[in-house]
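K.L.:
Before anything else, here's the structure in question.
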Amino acid sequence: MPFSDAFPPEFIDINFLKRALKIERKLSKAQEQKLLILAGVTSSLST
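Just so we're aligned: the sequence shown equals residues 162 to 208 in the working numbering.
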């Protein structure tokens, strides 16, 4: 897994992120990847 053990597991769950951000439409794979990257960057900045 490319994430450290300290990385919150919910941030690598695209369904959790979509619910948290109230995204209702289907995302493309590229959009999903961008969302996961943004969640990872945001999470690493807060630690």
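In this text, a Cβ means the ideal position worked out from N, Cα and C, and glycines have one as well.
Which first and last residues belong to the alpha helix (DSSP H) in which Leu178 is found?
P.N.:
As a working note, residue 178 is residue 17 in the sequence shown. From DSSP, the alpha helix (DSSP H) with Leu178 extends over 175 to 181.
K.L.:
According to DSSP, simplified to helix, strand and coil, what is Pro169?
P.N.:
Taking the sequence shown and counting its residues from 1, one reaches residue 169 at position 8. DSSP places Pro169 in coil when its eight states are reduced to three.
K.L.:
Helix or strand or just coil, what does DSSP make of Lys190?
P.N.:
Here residue 190 refers to the residue found at position 29 of the sequence shown. Three-state DSSP puts Lys190 in a helix.
K.L.:
What residues in its chain sit with their C-beta under 6 Å from that of Ile175, if we drop five residues either side in the sequence?
P.N.:
Counting from 1 along the sequence shown, the entry for residue 175 is found at position 14. Counting only Cβ-Cβ distances below 6 Å, and skipping sequence neighbours, we find Glu193.
K.L.:
Are the Cβ atoms of Phe177 and Gly201 separated by less than 8 Å?
P.N.:
Residue mapping note: residue 177 aligns to position 16 of the sequence shown, counting from 1. Residue mapping note: residue 201 aligns to position 40 of the sequence shown, counting from 1. Contact flag unset, no.
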